[in-house]
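Structure first, commentary second.
Numbering (my numbering), first residue to last: 2 to 250.
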């Protein structure tokens, strides 16, 4: 008996690749120790389309034009999942199946969810949000330094940079401390990364000076194929590897 054939009519531009954004929420049936990392290989089922993509998670907010990247899919919170895929028009439901999720970040990559399920399991559900190449996702890092000398509002800071050229480059960026002080860089001091800083109030010698930096990130190009259904092939390979592992045991 032959297999089933699915025929669908495409709208204009639905045959072109773009950056597609979905709203995704972690499935409630997953265990508490399951971690779904950003840019993990997932089977994306949206509407009639199915492909292997690497969704990048970010916060979902309509009040901001810039969105902070999430390293993990947080349970109980709706986030945005961005992936390179053919353009689509809403409404279109979304289902994410993880191919290589890990429990506590450990374990064999060929194992299933939490190391016990051989087949891809549902990790998130949602719907199509938009097709937008201008949506900005930012990755945040924090540089830290230590006060070397402190005199009231002024301080000499070290261990944040190690060359005066870097200090001059990041001089316009605002500084803050873990105790709530705000300041800025005045000038570099010497050739080993020391710098003079001034703050809005007296600085404590045991305080930590921080600087927030942001970098724009883009989704990872997945293993999308127009003709072959690679999602089913990857699932079959994973099931075969799991069966071979059980047979050797």
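All residues carry an ideal CB built from backbone N, CA and C; glycine is no exception.
Candidates the options: closest to residue i by CA position
i           : options            : result
residue 332 : 15, 97, 223, 211   : The chain is shown from 2 up to 250; residue 332 falls before or after that span and cannot be answered.
residue 192 : 21, 132, 4, 159    : 159
residue 208 : 182, 221, 186, 197 : 182
residue 172 : 184, 91, 135       : 184
residue 132 : 33, 12, 20         : 20
residue 130 : 95, 154, 151, 142  : 95
residue 66  : 93, 46, 138, 27    : 138
residue 194 : 170, 205, 206, 62  : 170
residue 13  : 68, 37, 4, 90      : 90
residue 223 : 37, 36, 64, 51     : 51
Cutoff 6 Å; reference residue i; Cβ partners in own chain excluding five residues on either side
i           : result
residue 216 : 140
residue 145 : 209, 211
residue 189 : 165, 168, 196
residue 82  : 23, 25, 56, 58
residue 9   : 49
residue 46  : 96
residue 27  : 74, 76, 125
residue 143 : 211, 213
Nonlocal neighbours in the same chain, by C-beta distance under 7 Å from residue i, ignoring five residues either side
i           : result
residue 42  : 53, 55, 100, 101
residue 203 : 153, 154
residue 205 : 180
Residue i versus residue j: straight-line alpha-carbon distance, rounded
i           : j           : result
residue 18  : residue 60  : 23 Å
residue 7   : residue 48  : 12 Å
residue 116 : residue 29  : Caution is warranted here: a pLDDT of 40 is assigned to residue 116, below 50, making its placement in the model unreliable, and the coordinate value is therefore given only provisionally. Approximately 18 Å, taken between the alpha carbons.
residue 174 : residue 186 : 8 Å
residue 147 : residue 11  : 59 Å
residue 155 : residue 177 : 13 Å
residue 34  : residue 163 : 39 Å
residue 85  : residue 31  : 26 Å
residue 78  : residue 220 : 20 Å
residue 92  : residue 134 : 19 Å
residue 179 : residue 218 : 27 Å
residue 118 : residue 62  : Its pLDDT being 41, under 50, residue 118 is placed unreliably by the model, and the measurement read from it follows with that caveat. Spanning the two alpha carbons is a distance of roughly 34 Å.
Bridge-paired residues (DSSP) for residue i
i           : result
residue 21  : 84, 132
residue 148 : 158
residue 139 : 69, 217
residue 54  : 43
Beta-carbon contacts of residue i that lie in its chain and below 8 Å, excluding the five residues immediately before and after
i           : result
residue 71  : 39, 58, 59, 60, 80
residue 150 : 156, 157
Near the ligand FAD: residue i beta-carbon under 7 Å from a heavy atom
i           : result
residue 156 : Among the components modelled here there is no ligand, and therefore nothing to report on the ligand FAD.
Minimum Cβ-Cβ distance from residue i to chain C less than 8 Å
i           : result
residue 191 : No chain C appears in this structure, which consists of one protein chain only.
Let me know the beta strand (DSSP E) ranges lying completely inside the segment 150-237, each 3 residues or longer, listed in chain order. 155-159, 176-178, 183-190, 195-200, 210-218
May I have a chain-ordered list of the beta strand (DSSP E) segments no shorter than 3 residues that lie completely inside the segment 22-51? 43-47
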